[in-house]
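> Numbering-wise (UniProt numbering), the sequence shown opens with residue 1 and increments by one.
Built from N, CA and C at the ideal position, the CB exists for glycine as well.
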Amino acid sequence: MKRLKIDDVAKATGLTKRTIRYYEEIGLIKPPARSDGGTRLYTEEEIEQLKQIIAAREVLGFSLQELQHFLSLKEKIAAHRAELLQTADHEKRRELEQIAAGLRQQIAMLDEKMKKMETLKQELKQMEQRVNTILQEGREE
1 MKRLKIDDVA KATGLTKRTI RYYEEIGLIK PPARSDGGTR LYTEEEIEQL KQIIAAREVL
61 GFSLQELQHF LSLKEKIAAH RAELLQTADH EKRRELEQIA AGLRQQIAML DEKMKKMETL
121 KQELKQMEQR VNTILQEGRE E
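#1: Excluding five sequence neighbours on each side, which residues of the same chain lie with their C-beta closer than 7 Å to the C-beta of Lys51?
#2: Could you work out which residue in Glu112, Lys113, Lys76, Glu128 is closest to Ile99 when comparing CA atoms only?
#3: Within the continuous alpha helix (DSSP H) that includes Gln50, where are the two ends?
#4: Just the Cα atoms here: how many angstroms apart are Arg130 and Lys115?
#5: Is Arg3 helix, strand or coil by DSSP?
#6: Straight-line CA distance for Met127 to Ile47?
#7: Just verifying my parser: in three-state terms, what is the DSSP assignment at Leu41?
#8: Output the distance between the C-alpha atoms of Glu44 and Asp8, rounded to the nearest integer angstrom.
#9: Are the Cβ atoms of Ala29 and Gln49 separated by less than 8 Å?
#10: Determine the burial state of Arg104: buried for a count of at least 16 other Cβ atoms within 10 Å of its Cβ, exposed for fewer.
#11: Where do the N-terminal and C-terminal ends of the alpha helix (DSSP H) with Lys17 fall, by residue?
#12: Measure the C-alpha to C-alpha separation of Glu95 and Ile107 and round it to an integer number of angstroms.
#13: Taking buried to mean at least 16 other C-beta atoms within 10 Å of its own C-beta, is Pro32 buried or exposed?
#14: Which residues does DSSP list as the beta-bridge partners of Ala33?
This is the structure:
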């Protein structure tokens with residue numbers, strides 16, 4: 001398995017080394033393996049996780065706190081899935097129902113953001129059309 005140093009990860013993701021270390025510190029990513037000399041060594045999977053975090057921040061406008069919550073939900077779901085399939089643990093079921101409710105809220109929030117983004121996109125298109133019309137009228141003179 002190929003492992004990359006933090007410099008290579010920074011280049012691949014566009015993040016600074018400091019940001020990558022900070023994400024590790026606050027738990028957005030798990031600490032990577034280290035070489036005998038203590039150098040962080042990242043897998044392709046860890047780089048993809050960083051890219052997903054970047055996309056969630058940039059495209060969806062998630063805060064770091066929202067990202068932490070989202071990632072913890074993913075881990076809880078994975079942990080509970082196997083347990084729930086093997087047992088009829090009502091406590092686990094209730095927790096999963098709460099997670100499902102939280103996910104529905106997140107989806108609703110994203111739907112609302114997407115509607116607002118679409119409205120803004122339409123307004124920008126209309127502005128562009130007006131500017132293009134003005135430019136065309138200016139050429140005709």
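Taking the coordinates as given:
#1: The residues are Thr13.
#2: Sorting Glu112, Lys113, Lys76, Glu128 by C-alpha distance to the C-alpha of Ile99 places Lys76 at the top.
#3: According to the sequence displayed, residue 50 carries Leu and not Gln. Its alpha helix (DSSP H) spans residues 44-58.
#4: If I take the Cα positions, the gap works out to 23 Å.
#5: The three-state secondary structure of Arg3, taken from DSSP, is coil.
#6: Taking the straight line from one Cα to the other gives about 39 Å.
#7: Secondary structure of Leu41 (DSSP, three-state): strand.
#8: Within the model, the alpha-carbon separation for Glu44 versus Asp8 is close to 11 Å.
#9: With the sequence shown as reference, residue 29 is identified as Ile, and Ala is not the correct amino acid for it. Result yes, Cβ atoms of Ile29 and Gln49 sit closer than 8 Å.
#10: Exposed, because fewer than 16 other Cβ atoms sit within 10 Å of the Cβ of Arg104.
#11: Where Lys17 is concerned, the enclosing alpha helix (DSSP H) stretches over 17-25.
#12: Straight-line spacing of the CA atoms in Glu95 and Ile107 works out to 18 Å.
#13: By the 10 Å Cβ count, Pro32 comes out buried.
#14: Under DSSP, Ala33 shares a beta bridge with Leu41.
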